[in-house]
Structures are given as structure tokens and as C-alpha cells.
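A short write-up of the structure that comes next.
Number of protein chains: 2
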Amino acid sequence: MGDAYAALMSRMKEIETVGQIQGLLGWDQEVMMPPKAAPLRAEQLAWLSRTSHSMMVETSMGDVLAAAESEGAGDEVAAGNLRLIRDAYDKATKKPADFVERFARHKSKSIVSWAEAREKNDFSIFRDDLAEMIELNRELAEYLGYDDNPYDALLDIYESGLCVAQVDPLFAGLREALVPLIAAVGNCESPDMSWINSHTWNEEDQAQLSHGISESIGFDFDAGRRDKSTHPFCGGANPDDVRWTTRYDEAEPFGSLYGSLHETGHGLYEQGRPRHLDFQPAGHADGLGVHESQSRLWENQVGRSLAFSEWALPHWNKHFPENMNGVTGEMLWRSVNLVEPSLIRVEADEATYNLHIMIRYEIEKQLINGDLAIDDLPDAWDDMYEQYLGIRSSNHTQGVLQDIHWSMGAFGYFPTYTLGNLYSAQLLLAARHDLESTESLEEMWSRGEFTPLLEWMRSRVHARGSIISPSDLIEEATGTSPSPQPFIDYLRAKIERLYGIKA
Amino acid sequence: MGDAYAALMSRMKEIETVGQIQGLLGWDQEVMMPPKAAPLRAEQLAWLSRTSHSMMVETSMGDVLAAAESEGAGDEVAAGNLRLIRDAYDKATKKPADFVERFARHKSKSIVSWAEAREKNDFSIFRDDLAEMIELNRELAEYLGYDDNPYDALLDIYESGLCVAQVDPLFAGLREALVPLIAAVGNCESPDMSWINSHTWNEEDQAQLSHGISESIGFDFDAGRRDKSTHPFCGGANPDDVRWTTRYDEAEPFGSLYGSLHETGHGLYEQGRPRHLDFQPAGHADGLGVHESQSRLWENQVGRSLAFSEWALPHWNKHFPENMNGVTGEMLWRSVNLVEPSLIRVEADEATYNLHIMIRYEIEKQLINGDLAIDDLPDAWDDMYEQYLGIRSSNHTQGVLQDIHWSMGAFGYFPTYTLGNLYSAQLLLAARHDLESTESLEEMWSRGEFTPLLEWMRSRVHARGSIISPSDLIEEATGTSPSPQPFIDYLRAKIERLYGIKA
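Put into C-alpha cells, the structure is as follows:
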């Protein structure tokens, strides 16, 4: 690669540095900031965002990028960098400045009306702002461009290259398998949860349990932190400074532990990024879907396995000797795997979760394409919950108003959650193929040996950064393109074992 | 004021925003950052510093500033802003870029050799780097310019307008009064410290004690934080986000409490800044000397008064019921006021502290002016300690190598510590004149009424920002120019009372 490429990468280093600072300030805002500091913090974040945006869209950036592209292909890293920078540059420059401002202003406004509508259980308060947000997203799709479907342009924002033609069959496969599976569980007896509800779970002990388990799995606390926040997340600045959070409920200990495992999965991915690509776009994680595959892997496929529960039991006993009296690894395993259709996505179990996402995907697609009118939305929502999960919300707060995403203008984001679940099952299957020559992964986990699986993810996923696109990465690592089948197989086997049914 | 002034203030808002972000990242680095994150944090801070510097020195900045100056005087705030911006612009542009880089590079190098020299008690390891640092500071003085004495240019960096002609008489007055006073104490019996040394002082209880007392004095924890760090400091982003730290020693509780009172004093000043001048230079605190006056006021003149000890005793009792058994307010007061010549500045008491500073001031002045050769420095140091404090260090680690300042190239900084002590005594005297119509401030403090004194400081000092220069501010608030006499009177009266002597 030549001089133009070098000049381009030097510009990207500055933009990346601003991004790292934004990451820290965002973390601080959620975790440390005193309440009165919010308005001036917004000024700081706005300045960073303006500065980073101007660096990306200035005319000379387009010139340097074009010059670097014309210098020729280079290696796969350079090709990856050029692909990612071109994508970011186009996305940043295709939107007129006045549109960006209108969008930002409407976002601030509609987050407020959504919050009020949700609190008062009154969809009409949010209706007009949502309608305008849908219009703005259609306008956005036109600026960004698409081949078949305007919704494709929105999907592509959150997972590079994603489109309806790819996502439709994934959800169709899921729907076909999951709906009857979940219905079958409905006729079974629920696991015993009384040992949880009859005790108090001290916050500090929960924190120590989560911390120790996160460390056992491989999170490096010399290059990261654990803290408490209202909304759990994984953020920070860079692979040496990865900060995840959790929250606590003294009435039950699973929220904090499995939330911690989830954020630990995100954190491991960040800590595993290829360090020779620091400050380069190709050195970043490969989009939201792959990120979610790493969090879901450790949260669900590892963390909710019987082997893991048996390994973790002594840790539970150490921190909660009285509460855990008489609880076996199997009881623990059954309790953390309760399958039960519910109205609220963020509380949904591993089996029903993807139906929540599927419903949002279908609705978004129809809203953007004009196949569903805004006034028909609340009923459409409830009808789909009834059809697929067999339950119906009695109010909009627990229905169509539950998620913040649409008020923020994020249409096309939800599907990445399900992609993560599908990818994680594909990746685990491929890892088994490579690692299970003498014993199963479960046998390793039951002894606390998580390193082989982590090392596999490090080399096949983390170390690859975003050199190639997410779907290429999954195909390279697993030998198959994105597919729902491994997830369906995994879930069916687990549920059959848990509930003693043949589904 | 006209368009140029408005354009200038808009530029300053950006520079100020960067400064706020630097404040947060600096705090995070000391308090929260995981150890491996240090190298990339340095990149983030370097970018912020480069960005802020370029905004200040770009040619158009000089043009806008000159145009704003030619628009005419405006009100006192505009005049203050113009004075401060001109000063900052000149200081930033008078130094050639290659000098700034040489200085920064040598600073990194000599901090390392200083640390090694200090650890190994070997001045020769630091000698050459210190000699070069002195040369660099002479070069800096030439760039910045001065009337009489090169050292004036350096003093002016840390306290606008300060010069040898002002500082010499202050230290002369102090020296004349303090040396015999401290010598007289040497013949007296020391207070009983056994109740401290015979107990362990639990860290969490110390933290709660400090927190409660800081809050009682007036620190707003909705606009700030208290945390723990190796080196206590007060930082943060702005008046809504003021963050101070302390450290703990379970062998004695005064370090954390009086450190907390000190940082609370800095924090109160920050929280009291004039909010209509947000993002304007004139809205900032008025330099290091006035800042130190606020920390010293609450730490020493309030915090080490008998009235304060009597008010605080129930708080001590609440957090340390066993340790405080039999301890009276007067015993507490005597213990926190132990006067004892010592070798280490940062551990020095209220009476001897300013002699430590005076010694550094005299030495710096001679080093910069070429009146003291680098190889004579260690002996000169020890001789002055013997002459003024009656003690001599047996090694350089506890002598000339104890402070980090010279390795960082900070010549001219030390005097601001003493200015703070002098200003605080002047300010307290003026406040007494205004507030003590029916009862003394001590009577108010003994009931926990700190608001009258804080409100006085708010209106006379904090709310004035840096609209006028530090020495003008002191004169405006107290009616007299900077002087050592109120501090000497205060200290003599206190020591006579504590030790029952007539000095």
C-alpha cells in the first residue's frame, strides 16, 4: 500500500482516538457521573461527536480514500480497512447535514414522548412521533440506498451486508421449529424455583460470585473493570480498557450472574481483538451480530449448561452457604433454564427470546414498507404475541411500548440479537468438531476448563477483527453460511432433556 | 462587545470543552483505569492536548483575538476574558514548537531518572537531567519574557503577575517570624498522641467520617464525588462534576480526614464558580494561590480550630466509638496541631510548612539565576534545612530528591502553596470583620454553622472567577494587598494557646 493509504490510516487513528474517549465518557455517564453533571456532559459528548463527524466527512477525506483505493488491493487487512472506511464514509456523507440534524432533534423529542407514553400506558402520546420516526427512517433508507427493499438499507446499518432476503429464511426456520417446541413445554411441569424465592441474595456476595466466575472464564481485570449500573452494558475505550456493568436484585441472583456472563462474553471479544490492528477499523469487532454471539455463548450455551452448573455450584456454596443448602447442580441447572412465554423481551428465556425478536422484525419490515399503518400497530403487536407465544398483553406498557429502540430511530437493530444466538450455536458446533477429540467440551467445563473454547474463539473470531464481513467470518470459522439449524438442534436437545419430552 | 469577541468566545468554548474532557480522563486515570490501559490512555490525552493546543495557536486565533481587543474594553468580564486569553495565547505562541517538544521529551525522561535516583538515594542519577531541566527553564524564561529576573517569567506561569519583587518580602516576613516561633515550640512538651497510636482506624469508617464532614461544610455530592487514590487531588470536569480523592492509613486517621478537608476546600471553590461564565476563561478559579487559600482555609484555619474539633467530636465518636473513648475535643485539637520540624514537606504541619516552601523558593531562584551550581545543590538543601528547621536529612531521598516538581520542569510552582496560606489568613480576617457582629466564627463552627463563612467566600472569592488578577482579588476581598502578617498573627496566637508560651 502507498502514501495515500498511510495518510488515510493516520486520519483513522485520530477518529478512533475520539471514539475511545467517547467510550470512556459514555461509561462514566452511566456508572460514575454525579446527577447534576448531565447537561455539561452532553456538551462534551456533542463536541466529540461533531469533531469525529467532521473528520470523517471533510472533502479531503473523500480524496484520500479514493486515492488509497486506487493504489490497489494490498493484503486482506488493507482490503478490509478500505471496505470499512468506504462504508463509513458513504454512510456519513450520503445523509444531508440538515437531515442529520432533523433526525437528532426528533430522536431527543420522541425518546421523551415514548417514556411518557410508556409510563402512562397511552400509545396515543407516542403515536405521532413514532409515525414521523418511521418517515425519517424511510427517508434515511433512500439516502443510504438499497437494491430490493428499503428495510435492507436499515439492516445494513447494524450488520454490514444484512438484508431481508437473508433474514427472512432465518426467522422462518426459527418460527417453524420454536413455536411447537415452546407449546410443548407449556404442558410440562415447571422446575422448582422455591429455593430462590425463599431467600435474600446479598448484593456484595452476588458481586463477588460474578466477579470470580468472570475471571475464571478468562476476563482480564488488569485490562478492564466490573461496576454497577442501572442498565447493564459492556463499554470502555479499547482492548486494554474494557468495562462491563451489571445490576443486582436481592430477591433473585440469576439476573446479575447471567447478566455478568453476557457482558463478560462481550468483554472477552473486545479483549481478544487483534492488537497489531490497534486504531484500524479492521481491528474492531465484526458488528453487532458477532458481538452478540460471544455474549450469548458464555451466557447461555456455556453458562446454562449442566456441566457449568455443576462446576459453579461450589462457588455458589462459598458465597451463599445458607441459601444453597440442599441445592444440587442439577437443581441449579433446571432453575436457570426455566422456559416460560412472557410479555417482556429483556426477561425472556433462551427459547422464547427469538420469537420476541421475530415479531419485532416482521413489524419493522411492514412499517418501513408501508404494509402496516401506525394505528394498526398496537393490535398487530398483541395479535402476533398471541399467535406465536400464546399470550396477550393487557396494556401497551408491557406490549408495543416496552422497548426504547424505535423512539431512538433504531429500525433494523433487533435482528442482530437473533443473529447472535444463531451464530453462537454455529460457532460452538464448529468448536466441538475441532476440540472434542478425546472428551466433550462439557467434560472440560465441569472441571472449570474454559480456556480451550476461549482460545478457539480467540483465533477463529476475535483475532480476525472485522477484516472480512460478518457472514464471511461465520462461514470461515464454521464452514457454513449463517443458518438457524444448529441453534434449533441445540435448543431442541436441551429442552427435551430438561423437560423429558420428545418435541 | 462585537462580533470578533463573540467569535473568540465561541472558540474558547471549544477549548474549554476539551479541557473538561481532559479533566475527566485525568481523574479516571488516577482513580478507575485498569493498569494495562495506561499506554493507550496516554494516546488519548496526547490527542486532546494536541487538539487544544492547535486551536489556541492557529493564526486565525491571533487575528480574532486582536480584532476582539480592538473592539474596545467592554465590561469587566469581557476585559478579564481578553486579559486571560491574551496571556494564554502569548504563552502558547511564544514557545517554538521544537522547544515544546524538547521540553516534553525531557520531562518524560527526567521523571524516570528522578524516580530512580530517589529510590536508590543517589543524586548523581538525576544530576544531569536536572541540570538540563534548569537550562530548559532558563530558555523558557527567555521565550516568555520578563522585566527584572528570569525567575519572574516562571512564577508568572503559575500565578499571573507574580514576581520575585513581590515574593521576596513575603518570605522574608515569614522567615523572620516563623523561625523563632518554631524554635520556641521545640522546648515545649508534645501533645498526647497515644490514643491514636494505640488503635486501628478502619478505612470504611474513616471514609464515612470524611464524607459526612465534607457534606456538613457544604460540598454538594450531587455535583461531585469522593473516591480513593494514591495521590489525593481535586479534579473533574466542571462545577457540576467536581471529583476529589483521599487516601487511607489504618494506623492514623488524620491524613484522610484533613486531606479530605483540603480537597473539599478546592472542591467548594470549583462548585462556587460563576455559572453565567461557564465556558469562559473569566469563569475559572483565579490561579493556584487563591485555590490553595480555599483548601487551606477549611483544612487548617477551620478544621484545626478548637471549635471545629469540639463540633466534630460526636462525628468521631459515632464512627469510632471504642477508639474515641475518653478523648475530649481539646485532646483532639491538640493532636491535630502537633508542631514538629520534619524533613518531608507533604507531612509538615501548619507552622513549619512554609519554611519548606521558602527553602525551595530560595533554591529555585538561585538555580535559575545561576547563583547556585547543580553540584552544590544537595548540600545547599541540607544546610538550609539545618539553618531554618534545625534538622538535617541523612539521605537525599528525604532531602533534595523528595519532590517530583523539578523533574517535571515545574520551577515557580512551590511559592503558590505559601501564597495560599497567606491569602487564607487574610480572607479569614476580612470575613471575621464582616460576620462577627454578634458572635465569633468559632461560636458558629462549634454548632456546625459553616454556611456564613462559605457564603462569604462564595460572594467575595468564588463568584468573582478570574475576572480580576489574583492579587487584585485578594485586595478587593480583604482591603489589603498580599501580606504575611495576618498569617503570622494567626499562627502565633494559635501556638501560644496550644503550647502555653509567649513567643
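Those sequence lines, one after another, are chains A and B.
Letter 486 of the first sequence, counting from 1, is numbered 486 in this note's numbering, and no numbers are missing.
Letter 38 of the second sequence, counting from 1, is numbered 38 in this note's numbering, and no numbers are missing.
Using N, Cα and C, we set each Cβ at its ideal position, and we do this for glycine too.
Bear in mind the structure is a predicted one, so any value in this text is a computation, not a measurement.
Below 8 Å between beta carbons: does that hold for residue i and residue j?
i: G289 (chain A); j: G420 (chain A); result: yes
i: P191 (chain B); j: S335 (chain B); result: yes
i: I368 (chain A); j: L130 (chain A); result: no
i: G235 (chain A); j: G23 (chain A); result: yes
i: I474 (chain B); j: E76 (chain B); result: no
i: M133 (chain B); j: W406 (chain B); result: yes
i: P14 (chain A); j: W47 (chain B); result: Reading the sequence as shown, one finds Glu at residue 14 (chain A) and not Pro. Yes. Within cutoff.
i: A117 (chain A); j: F126 (chain A); result: yes
i: W456 (chain B); j: D489 (chain B); result: no
i: Q280 (chain B); j: M61 (chain B); result: no
i: D382 (chain A); j: S393 (chain A); result: yes
i: L174 (chain A); j: P484 (chain A); result: yes
i: C188 (chain B); j: I391 (chain B); result: no
Which whole-angstrom value describes the C-beta separation of residue i and residue j, a residue pair presumed to lie in contact below a C-beta threshold of 8 Å?
i: T17 (chain B); j: E43 (chain A); result: 6 Å
i: L155 (chain A); j: P482 (chain A); result: About 13 Å separates the two Cβ atoms, so there is no contact after all.
i: V164 (chain A); j: N149 (chain A); result: 5 Å
i: E514 (chain A); j: Y248 (chain A); result: In the structure as shown, chain A starts at 1 and stops at 503, and residue 514 (chain A) therefore has no counterpart that could be examined.
i: A503 (chain B); j: L181 (chain B); result: 5 Å
i: L268 (chain A); j: E299 (chain A); result: That pair is no contact at about 12 Å.
i: L25 (chain A); j: L45 (chain A); result: 6 Å
i: H396 (chain B); j: P378 (chain B); result: 6 Å
i: S509 (chain A); j: G161 (chain A); result: The structure shown does not extend to residue 509 (chain A), since chain A is modelled only from 1 through 503, so no value can be given for it.
i: G370 (chain B); j: L136 (chain B); result: That belief does not hold up - the Cβ atoms of G370 (chain B) and L136 (chain B) are roughly 14 Å apart, past 8 Å.
Would the beta-carbon of residue i be found less than 7 Å away from any heavy atom of the ligand MN?
i: H319 (chain B); result: In the structure on display, the ligand MN does not appear, and there are no ligands present to speak of.
Cα-Cα, which of the options is closest to residue i?
i: A153 (chain B); options: B:Y423, B:F411, B:A115 and B:R458; result: B:F411
i: T245 (chain B); options: B:S229, B:N238 and B:A251; result: B:S229
i: P232 (chain A); options: A:H396, A:Y258, A:L401 and A:R447; result: A:Y258
i: G329 (chain B); options: B:N317, B:L338 and B:V339; result: B:N317
i: V461 (chain A); options: A:H291, A:D278 and A:G26; result: A:H291
i: F303 (chain B); options: B:Y146, B:A503, B:F254 and B:R464; result: Correcting the residue identity first, residue 303 (chain B) is Gly in this sequence and not Phe. Measuring from the Cα of G303 (chain B), the nearest candidate turns out to be B:F254.
i: Q398 (chain A); options: A:E347, A:T438, A:N197 and A:G448; result: A:E347
i: D205 (chain B); options: B:G186, B:E496, B:V179 and B:S256; result: B:S256
i: N238 (chain B); options: B:S194, B:W201, B:S210 and B:P274; result: B:P274
i: D349 (chain A); options: A:G145, A:V185 and A:A97; result: A:V185
i: D286 (chain A); options: A:A307, A:S216, A:S471 and A:E14; result: A:S471
i: S446 (chain A); options: A:F308, A:A97, A:L401 and A:M61; result: A:F308
i: G218 (chain B); options: B:N187, B:L453, B:Y388 and B:P484; result: B:L453
i: P321 (chain A); options: A:L209, A:G19 and A:R11; result: A:L209
i: N323 (chain A); options: A:D241, A:H199 and A:T418; result: A:H199
i: A141 (chain A); options: A:I196, A:D122 and A:F99; result: A:F99
i: G465 (chain B); options: B:R492, B:L277 and B:Q294; result: B:L277
i: L389 (chain B); options: B:A351, B:G283, B:S113 and B:S424; result: B:A351
i: H53 (chain B); options: B:S70, B:E69, B:A97 and B:A78; result: B:A97
i: N197 (chain A); options: A:E250, A:S214 and A:A37; result: A:E250
i: Q301 (chain A); options: A:R492, A:R243 and A:M331; result: A:R492
Drop a sphere of 10 angstroms on the beta-carbon of residue i, count the other beta-carbons inside from all chains shown, and report buried for 16 or more, exposed for fewer.
i: I21 (chain A); result: buried
i: N354 (chain B); result: buried
i: G265 (chain A); result: buried
i: G272 (chain B); result: buried
i: I344 (chain B); result: exposed
i: S440 (chain B); result: exposed
i: D3 (chain B); result: exposed
i: L172 (chain A); result: The sequence as given places Ala at residue 172 (chain A); Leu does not occur at that position. Exposed: under 16 other Cβ atoms inside 10 Å.
i: A431 (chain B); result: buried
i: H319 (chain A); result: buried
i: S110 (chain A); result: buried
i: Q540 (chain B); result: Nothing about residue 540 (chain B) can be reported from this structure: the residues present for chain B run from 1 to 503 only.
Inset, instruction - Could you please tell me which residues of the segment 194-216 of chain B, in chain order, have their CB closer than 9 Å to any CB of chain A? - result: none
Inset, instruction - Anything in the segment 220-232 of chain A with a Cβ closer than 8 Å to a Cβ of chain B? List those residues in chain order, please. - result: D220, F221, D222, A223, G224 and R225
Legend entry - Proximal residues, the segment 6-31 of chain B versus chain A, C-beta separation under 8 Å: Flagged, chain order: E14, T17, V18, Q20, I21, L24, L25 and D28.
Legend entry - Residues in the segment 61-72 of chain B having any Cβ partner in chain A nearer than 7 Å: none
Inset, instruction - Below 7 Å between beta carbons is the criterion; list the residues of the segment 254-270 of chain A that meet it against any residue of chain B, in chain order. - result: none
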